[in-house]
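Accompanying notes for the structure given below.
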Amino acid sequence: MTKKQAIAIITKCAKQYQQYLEHNQVVFVYRDEYNHSHHTVVKFHSHNFLHFTGVVPRTGLNANGFYRAALNSRLSENDFSFKNNHTTELKLQVLSTIMSIDTKARMIGNYIGPHLELYTEKVTGTTSACLGLIQGKDCYIPNSVLSEDIRSIVPKPPGKIYSIFKKDINSPLYTQLTYKAKNITITKKCLPEELLDEIDPSLFEN
1 MTKKQAIAII TKCAKQYQQY LEHNQVVFVY RDEYNHSHHT VVKFHSHNFL HFTGVVPRTG
61 LNANGFYRAA LNSRLSENDF SFKNNHTTEL KLQVLSTIMS IDTKARMIGN YIGPHLELYT
121 EKVTGTTSAC LGLIQGKDCY IPNSVLSEDI RSIVPKPPGK IYSIFKKDIN SPLYTQLTYK
181 AKNITITKKC LPEELLDEID PSLFEN
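Take 1 as the starting number for the sequence shown in UniProt numbering and just add one per residue.
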């Protein structure tokens with residue numbers, strides 16, 4: 001992959017990130033192997049985007065500056081370098097999938113992958129792309145992108161996501177249902193009890 005190709009991907013994905021994820025809070029609701037319901041809350045900020053790309057910004061260019069340059073189509077080949085271990089290219093190949101993680105994620109679990117240099121605690125995603133998460137104060141924070149089949153990097157069986165809700169970070173209630181499994185009706189019985197007061201009542205189907 002050339003730097004020119006990388007810039008095209010990063011620029012396109014930055015605009016998708018701004019539209020769909022930046023300043024949003026997403027909750028992934030899933031069932032474990034015992035059919036118990038759980039949920040994982042993730043907050044997306046502007047400074048997270050750089051970590052998804054796997055590139056190393058030039059000295060003096062911080063995460064927000066990198067993101068702004070990408071949004072304004074002003075990234076240059078001198079602004080960043082690829083990591084030596086080829087992870088940059090792998091991340092960029094699946095970056096566009098991750099930009100719609102709020103609709104595409106199907107599984108979730110604790111990270112037990114082989115990459116010792118990667119610090120991440122939980123992953124959510126698909127059979128081809130995953131988002132790595134670390135625990136923050138009151139939620140998870142996205143910190144990496146992996147070009148992996150999630151089934152090979154979490155304990156078996158992975159948690160099966162059956163609904164995903166989204167809201168602006170400052171909103172008191174989740175106002176969007178971005179995914180629900182085919183056989184699911186969104187009722188108070190099917191969601192974790194501690195989540196019920198945070199869902200906009202209009203999203204319930206009964």
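Where is the CB? At the ideal position from N, CA and C, for every residue including glycine.
Only a predicted model underlies this, so the values are computations on that prediction, with no experimental measurement involved.
For Asp168, the enclosing beta strand (DSSP E) covers residues Gly159 to Asp168. Out of Asn48, Gly54 and Asn78, the CA that lies nearest to the CA of Gly60 is found in Asn78.
With a 10 Å radius around the Cβ and a threshold of 16 neighbouring Cβ atoms, Met99 comes out buried.
Sequence-distant Cβ neighbours of Thr88 in its own chain, meaning closer than 6 Å and more than five residues away, are Gly54, Val55 and Phe82. For Val94, the uninterrupted alpha helix (DSSP H) segment begins and ends at Thr87 to Ile98.
By alpha-carbon distance to Phe165, the top candidate from Gly159, Pro157 and Tyr174 is Tyr174. The continuous alpha helix (DSSP H) containing Lys104 extends over residues Ile101 to Lys104.
In this structure Met1 is exposed. Its beta-carbon is surrounded by fewer than 16 other beta-carbon atoms within 10 angstroms. When beta bridges are read from the DSSP output, Thr124 appears opposite Ile108 and Leu131.
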